[in-house]
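Chains as they are written, first to last, in the working numbering: chain D, 139 to 409; chain S, 139 to 409.
See below for the structure under consideration.
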């Protein structure tokens, strides 16, 4: 998928919502636990109920790995289902990987080639040669952590590196890497006031924004400072949508929550 | 396992070698490809041939994930085999994980609890609340990336943060985190001259040292600057040992390579 296609999908659906699939077996409806693959059944129901309201799905790999082999199988089934039934969706492996070159190449193979995700989140700490193997995969995107949504973001990311904050140094440096046109970035919704400065460095890139919903970030604030003339934002919500109800009506309630966010996005886009 | 037990094992075996299990199906002996689980068969043979010469094994998760469900199954079988047959070995999930709190907790569950690894490597970029869920697991260790062995380490890690290099800030800050006694650190062998400064900040912690062997780091240099009075080093070698031969004699040749390293370590320890 190209960013132009992603932009067109955003215009068509009047939505730039990404739905996070963080499936916790202790939180999903009881009746699904009797099925052969509760994680996949849950995801499938959520996807079927929300796909016309969002443009991206973001499975969080930790929540699959936490169930071992079964969980990994559910992850493979989930991405297969998305690629077969909803190929228009932008898919994000929220994996936060990153290692020396030959190892990053293996992660890129696993997620971008074999499982055929459109993108993967990557941590920048190990620098250029840990990220470039992901960037080398054609027609795929590497979503680099810049300024994350959590408290710990203030431990290092906002510290000044040679008088410039680390997250800005990460943004600036990443632009010099090979195939940097395949970069997107993670910036947390809980840090909306930082978007103005960030947009000065990366005016055109798409930004994946976690932290709206359960983590407390404001959609309007993010859009005010972070939106560019091709939208340039994918705003993710996980828990607030997928756990809107823990009853048999979970998919219906998830749709209601997704619809609320989509309506708010439509209003913003119409302005 | 406690660090005291690890130290005792080091004394007994006169070795502080960690063997990295980075299994690439294009590099292992052809005859194994006919078996049901070539990755596990390869690991099992390597482990059986080297376990008396090393104190730790470090499966690199990327190399398992690259083979999807089958690879994940091989990872589970490898750690089960280690825990059952060689419970004295210190096991390291080289996973480079790290995410917001509830997600890191899921990774901790997967690797430290369910799979029962003794430790996991974790990236520090997201700060305190992304690392503490790992540290909270009792009797387990979190091996934090400080200064890695690759070129990209110079992109951010050695940059000055408020006039102190980022990797030193990571080391200093991590000491203030809850259960920081469960921390170990990654410092690349290719950066031996940095060990003196690093030991001033973390004199007592164990350091996992990748980069000896294929990446070119020197064992003697690392020991000269990095060893403390309880050794405090786990020096890892992956490719140089496990791919010593691609023939049917691969396990035997791996033992020969491991023995060379162990002998060099024994000499250093005797001094």
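By construction, the Cβ of each residue, glycine as well, lies at the ideal position given by its N, Cα and C atoms.
From a predicted model like this one, the values you see are computed outputs, not experimental measurements.
- The beta carbon of residue 245 of chain S falls within 8 Å of a beta carbon belonging to chain D, placing the residue at that interface.
- The count of Cβ pairs closer than 8 Å, one atom from the stretch 244-263 of chain D and one from the stretch 242-253 of chain S, stays below three, leaving the stretches out of contact.
- Membership of residue 272 of chain S in the alpha helix (DSSP H) is indicated by the continuous run 266-273.
- In the DSSP assignment, residue 385 of chain D falls outside any beta strand (DSSP E) and carries neither an H nor an E.
- When only Cα atoms are considered, residue 375 of chain S and residue 277 of chain D end up about 35 Å apart.
- In chain order, 246, 250, 251 place their CB closer than 7 Å to the CB of residue 275 of chain D, counting only its own chain and leaving out the 5 sequence neighbours on each side.
- Contact annotation: residue 326 of chain S and residue 286 of chain S have beta-carbon atoms nearer than 8 Å.
- The C-beta distance from residue 345 of chain D to residue 371 of chain D rounds to 6 Å, short enough to meet the 8 Å contact threshold.
- In this structure, the beta-carbon distance from residue 167 of chain S to residue 388 of chain S falls below 8 Å.
- Comparing alpha carbon positions, the residue from D:293, D:300, D:313, D:322 closest to residue 309 of chain S is D:293.
- Exposure of residue 225 of chain S is indicated by the presence of fewer than 16 other C-beta atoms within 10 angstroms of its C-beta.
- Counting along the chain, no alpha helix (DSSP H) covers residue 158 of chain D; the unbroken beta strand (DSSP E) around it starts and ends at 155-159.
- Pairwise C-beta distances place the stretch 149-164 of chain D in contact with the stretch 176-195 of chain D, as three or more of them are shorter than 8 Å.
- As a beta-bridge residue in DSSP terms, residue 322 of chain D pairs with D:281.
- The C-beta of residue 400 of chain D has 16 or more other C-beta atoms within 10 Å across all chains shown, which makes the residue buried.
- Between residue 256 of chain S and residue 201 of chain S, the CB-CB gap reaches or exceeds 8 Å.
- When secondary structure is reduced to three states using DSSP, residue 197 of chain D falls in the strand class.
- For residue 341 of chain D, none of the residues of chain S pass the 7 Å Cβ criterion, the least Cβ distance being about 22 Å.
- Scanning chain D for C-beta atoms nearer than 8 Å to the C-beta of residue 266 of chain S yields 289, 290, 293, reported in chain order.
- In this structure the stretch 359-369 of chain S does not lie against the stretch 165-182 of chain S, because fewer than three pairs of beta carbons, one per stretch, are closer than 8 Å.
- A straight line joining the alpha-carbon of residue 271 of chain S with that of residue 408 of chain D spans about 42 Å.
- Per DSSP, the continuous beta strand (DSSP E) segment holding residue 233 of chain S begins and ends at 228-235.
- Here residue 291 of chain S is not near residue 239 of chain D, since their CB atoms are 8 Å or more apart.
- CA-CA distance, residue 197 of chain S to residue 228 of chain S, rounds to 11 Å.
- Sequence-distant Cβ neighbours of residue 221 of chain D in its own chain, meaning closer than 6 Å and more than five residues away, are 254.
- Apart from the 5 residues on each side of it in sequence, residue 174 of chain D has no Cβ closer than 7 Å to any other Cβ in its chain.
- Under the 8 Å criterion on CB atoms, residue 381 of chain S is classed as non-interfacial with respect to chain D.
- In its chain, beyond the 5 residues on either side, 152, 153 have a beta carbon closer than 8 Å to the beta carbon of residue 404 of chain D.
- DSSP places residue 259 of chain S in the uninterrupted beta strand (DSSP E) bounded by 257-260.
- Here residue 300 of chain S is actually not in contact with residue 306 of chain D; their C-beta atoms are around 14 Å apart, not less than 8 Å.
- Between residue 223 of chain D and residue 178 of chain D, the gap from beta carbon to beta carbon reaches 8 Å or more.
- Identification of chain S residues near residue 263 of chain D by a Cβ-Cβ cut-off of 8 Å yields 261, 262, 263, 283, 286, 294, 295, ordered along the chain.
- DSSP, reduced to helix, strand and coil, places residue 398 of chain S within a helical segment of the structure shown.
- Interface residue (Cβ-Cβ distance to chain S less than 8 Å): residue 399 of chain D is not classified as such.
- Residue range 345-347 is occupied by the beta strand (DSSP E) that includes residue 345 of chain D.
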